[in-house]
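Just so we're on the same page, the working numbering is the position in the sequence shown counted from 1, plus 1054.
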Amino acid sequence: MRCPLLFPPLVLASIATAQQPGHWWWFYSDSLQQYHYETGDEFNGRALDRKFWMTSGEGRRNHHGKHMLEYNSDGKNALLGDGTLRIQLRREEVTARGVEYEADTARLGDGGPNLRTWNYTSTLLVSNQHFQYGVFEARIKLPTGKGAWPSFWLYGGNPNEEIDILEGKGERLDQFHVDVHCPGDACDNYRNPIGAFGRWLGINWKGFGHWKTANGDLTAAFNDYVGEWTPGALRFYLNGEQCAEWNGGLHVPERLILQNALANTCKGCPFGPGPDDTTTFGEMVVDHVRVWKLMHPGDPALTIISGDGVPRDLTVEVSMRYAEAPATLEPKGGKRGKVRDVFRVKTLHDGAKRIVILEVTGEIPKEAYIDLQDPEGATLLKRRTLQRGIYTFTFAPGAGNIVDVLVGDRERSAVERVVLN
């Protein structure tokens, strides 16, 4: 199917550093889902955040499959700068163990020895933390190069317990792949040819996994790849538009993975062919990775409160980074699943710079609005007739430092209290 490429290349550079994600509101016609930011990486530092990432992956890539590259556990192919992470796939010879903890003579998935000379190197980033359910988001510019196999996914620890939010291919400039793997007891509604009896026999088969086609070049600009993981379904999004849905339950905690891998040229190898002697590789560039958790009744109030004082005579400057009409979706590469119209607003803020940023996506109703108020309810600014885009609200210095951000439509609203330091 054809998915939208909503973000024009000229405006989708990395958004300014030091912004803190707040909340993400999903307005449906009959309900409001409220997510709060749990954790992630904005890649604003000079070195990889080792509290969030490990760079080994415990050798699983080379242990279980046929691979032509060595994943440097020291992370030397992962470079940070200008608020982004760049994962490089390099053509270079390295003599190393494919699986660090195995003996030199141990045999890997391809039948070859553990210690060998590899012709390519890359880096595999795996989160130290496990996650179960939520919304998983990454803003990525995909690499070019025949055989490049970039990915953003979750892995449960056993073979084929995974959620593939994004798998790209360096020569498929306008396509990416989504998939779910969960045979055995990790999953509900995992299909096989002969029903439950087939599962009992250990026969695993599923009819999911689709290539998705965008209406633009995914290697030319950053785009948002999102996976929504609920107890009863998995949904996949490109730039706020649903591209696929898998109806089933995957119930094991999983780690997040970023990877710029290399496809192989061999019979039965996934995502082939691999590179040839003329291949040059671009970088997989990541602006951020974010994990959002669904708020439930009884959770803490949807506010961020610190300091005191009431704003007086605050001047609010408004700018908009981009706006574009909704792109059309064409049936290609699998079904979208059951799609519901949803209007989404994400909040980010930089208190030191006195900036509040709202990212607006989805199907925006005529009644949608943004209100900025002081803690006593006095209106600082009202915004109607919303468009898709990034709204930046800059507050001039004033006597106070607290602003309530209200977002809603005719049926419901949400509020976040933001501190301007």
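Yeah, the Cβ is synthetic: ideal placement off N, Cα and C, and Gly gets one too.
Everything numeric in this text was worked out from a predicted model, so none of it was measured.
Per DSSP, the beta bridge partners of Asn-1301 are Ala-1287. Burial check for Tyr-1291: the Cβ neighbour count within 10 Å reaches 16 or more, so the residue is buried. Under the DSSP assignment, Glu-1430 falls outside any beta strand (DSSP E); it carries neither an H nor an E label. In the three-state reduction of the DSSP assignment, Ala-1150 falls in the strand class. Bounds of the beta strand (DSSP E) holding Ile-1219 are 1216–1221.
For Gln-1073, the number of other beta carbons within 10 angstroms of its own is at least 16, and it is reported as buried. DSSP places Ala-1268 in the strand class (E or B) of the three-state scheme. Rounded to the nearest whole angstrom, the CA to CA distance from Trp-1172 to Asn-1126 is 11 Å.
Residue environment analysis places Ala-1406 among the exposed positions, since fewer than 16 neighbouring C-beta atoms fall within 10 angstroms of its C-beta. Excluding residues up to 5 positions away in sequence, Val-1345 lie with their Cβ nearer than 6 Å to the Cβ of Thr-1093 in the same chain.
Residue Phe-1190 holds the alpha-carbon nearest to the alpha-carbon of Gly-1294 among Asp-1331, Phe-1190, Thr-1198, Trp-1207. Note that the C-beta distance between His-1231 and Trp-1265 is below 8 Å. Under the DSSP assignment, Glu-1465 falls outside any beta strand (DSSP E); it carries neither an H nor an E label.
Counting the other CB atoms within 10 Å of its CB gives Cys-1236 a total of 16 or more, which places it among the buried residues.
Just measuring C-alpha positions, the residue of His-1077, Phe-1081, Arg-1437 sitting nearest Ser-1467 is Phe-1081. When DSSP states are grouped into helix, strand and coil, Ala-1240 belongs to the helix group. Rounded to whole angstroms, Lys-1389 and Cys-1297 show a C-alpha spacing of 8 Å. Of the candidates Thr-1333, Gly-1152, Trp-1300, Trp-1300 places its Cα closest to the Cα of Thr-1284. The distance from the Cβ of Tyr-1174 to that of Met-1122 is about 6 Å, consistent with a contact at the 8 Å cut-off. Put simply, the region 1183–1197 touches the region 1334–1343. At least three CB pairs are less than 8 Å apart. Here DSSP, grouped into helix, strand and coil, assigns Pro-1204 to strand.
In the assembly as shown, Cys-1241 is a buried residue. Its beta-carbon has 16 or more other beta-carbons within 10 Å. In this chain, Val-1306 is not harboured by any beta strand (DSSP E), its DSSP state being neither H nor E. Distances from the CA of Ala-1268 to each of Arg-1226, Trp-1203, Lys-1130, Leu-1288 were compared; the closest alpha carbon is that of Arg-1226. Counting only runs of 3 or more residues that sit fully inside the region 1387–1429, the beta strand (DSSP E) segments are 1396–1404, 1409–1416, 1423–1427, in chain order. Here Pro-1419 really is in contact with Asp-1463; their C-beta atoms are around 5 Å apart, less than 8 Å. In the three-state scheme derived from DSSP, where H, G and I count as helix and E and B as strand, Gln-1074 is classed as strand.
From the listed residues Gly-1165, Arg-1140, Leu-1102, the smallest Cα separation to Gly-1152 is found for Gly-1165. Between the alpha carbons of Gln-1087 and Gly-1188 lies a gap of roughly 11 Å.
Within the region 1167–1195, not a single complete alpha helix (DSSP H) segment reaches 4 residues in length. With a cutoff of 8 Å on beta-carbon distance, Leu-1316 and Leu-1169 are scored as not near each other. Assigned with DSSP and collapsed to three states, Tyr-1155 falls in coil, not helix or strand.
Residue environment: Thr-1319 is assigned as exposed (fewer than 16 neighbouring CB atoms within 10 Å of its CB, all protein chains considered). Each residue's CA atom was taken as its position, placing Ala-1101 and Gly-1328 some 30 Å apart. Beta-bridge partners assigned by DSSP to Thr-1448: Glu-1371, Ile-1409. Shown here, Phe-1230 sits in a strand according to DSSP, grouped into three states.
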